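Remarks on the structure that follows.
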Amino acid sequence: MFTFVNRCADTVWPGVLSNAGTARLGTTGFELPPGASRAVPAPSAWSGRLWARTGCAQDGATGRLVCATGDCGSGTAECAGAGAAPPATLAEFTLDGTGGLDFYDVSLVDGYNLPVLVEPSSGERPGGASSAGSCASAGCAADLNAMCPAELRSGGGAACRSACDAFGRPEYCCSGAYANPGTCRPTSYSQVFKMACPRSYSYAFDDPTSTFTCAGGPDYTVTFCPGATPRSASLSVPALLHLTFQVWIWLVLALPRGVDPLKRLVSSV
C-alpha cells in the first residue's frame, strides 16, 4: 500500500509509472490538494516510479492539463503509462524483488522539483541487517530550488535540472565511455545534490548510500514537501545553513574535476 501525503502549500498531481511487465496500480495520476492524503493499493511484485507534478492548470484553448514541472504529457490527471518530464524528483520502488525484499530510493538523477520523503510504515531489516540502508526513510527534504546553481535552474526557479539534462555530456550522464561505476564518478554538480540530500541518488551509480531495502512487505508513505508548514510550500532553510551551502556550491564548482573540496578547504585553514 502506498499512501500519498501532500504537505505543500499548493495542490500537487502525483504521477505513477509502472515498469514494463508489472501490474499497474489502480491509478496513474490524480489531484492531491494541500493537507490531503490518498491510499493506493499496490499489487505484489510491483515496480515503478512515483512523482508529483506542480503548477498544473487546464489550457484555455485545448482543455488539456499542463504542468509546470513533472508533466507527463497526457493532458489529464491520469498519466496513462507516460513518465515525468525532467526535472522531477522520483520515488522508485521494486516490491517483492530479489530474495523477496523491497528495494526503494528517491532519485535526483532526472533533476528535482520538490522535496519527497519515503517512509516504510512497518517491515523488517533484511536478515537482521543493521546498515543505514535497511528499512529506513529515504528522500530529500531540502529545498534544492533555493540552492540550485544558476546554470541548472529551470522554469524560473520552479525546478533544478541535473547536469546530464542541462549539458548532455557523457561524464554527467554516465553514458558512452562513462557507462560503468569505474569511470562515472561524482561530479561537482552531483556533490551539490548529495550534500543537500545525502539519502537520495545524486547520479546514476550512487547506489551504496541511496538504495534502501525492507523485508516483510511494509506499506510506504510518500510525502511531498515533508518539512513544509501551511505557510510554506518547501522546507525553509535557516539563513546560516543556506549561506554555508552556497559557499560549498561555489567551492565545488570552482575546483578542478577530481579535487576533493573538503580536503582543499581543510588544507587552507
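Residue numbers for the sequence shown follow this note's numbering, beginning at 429 and rising by one. Glycine included, each C-beta is placed from N, C-alpha and C at the ideal position. Every value quoted in this text rests on a predicted model; they were computed, and no experiment measured them.
- In this structure, T637 sits away from P646, with a CB-CB distance that is not shorter than 8 angstroms.
- Judged by their CB atoms, C592 and C642 are not nearer to each other than the 8 angstroms cut-off.
- Assignment of S618 by DSSP, reduced to helix, strand and coil, places it in the helix class.
- With the rule of 3 Cβ pairs closer than 8 angstroms, the region 441–460 counts as touching the region 468–488.
- Between the alpha carbons of C602 and A519 lies a distance of about 20 angstroms.
- Between Y540 and C495 the beta-carbon gap is near 15 angstroms, outside 8 angstroms, which marks them as no contact.
- Residue environment analysis places P515 among the buried positions, since at least 16 neighbouring C-beta atoms fall within 10 angstroms of its C-beta.
- Around the beta carbon of N447, a 10 Å sphere encloses fewer than 16 other beta carbons of the protein chains shown; the residue is thus reported as exposed.
- Looking only at S472, A464, L542 and G501, the smallest Cα-Cα distance to G449 is reached by S472.
- The Cβ atoms of S630 and P609 do not sit closer than 8 angstroms to each other.
- In terms of Cβ geometry, V546 and V468 do not form a close pair [threshold 8 angstroms].
- Out of E506, S502, W474 and C500, the CA that lies nearest to the CA of G525 is found in W474.
- V433 is a Cβ neighbour of F652, given a cutoff of 8 angstroms.
- The distance from the Cβ of F430 to that of Y648 is about 5 angstroms, consistent with a contact at the 8 angstroms cut-off.
- In summary, P461 is exposed, with fewer than 16 beta-carbon neighbours lying within 10 Å of its beta-carbon over all protein chains present.
- At a Cβ-Cβ threshold of 8 angstroms, P543 and A570 count as neighbours.
- Per DSSP, the unbroken alpha helix (DSSP H) holding F595 starts and ends at A591 to F595.
- Judged by their CB atoms, V534 and A566 are nearer to each other than the 8 angstroms cut-off.
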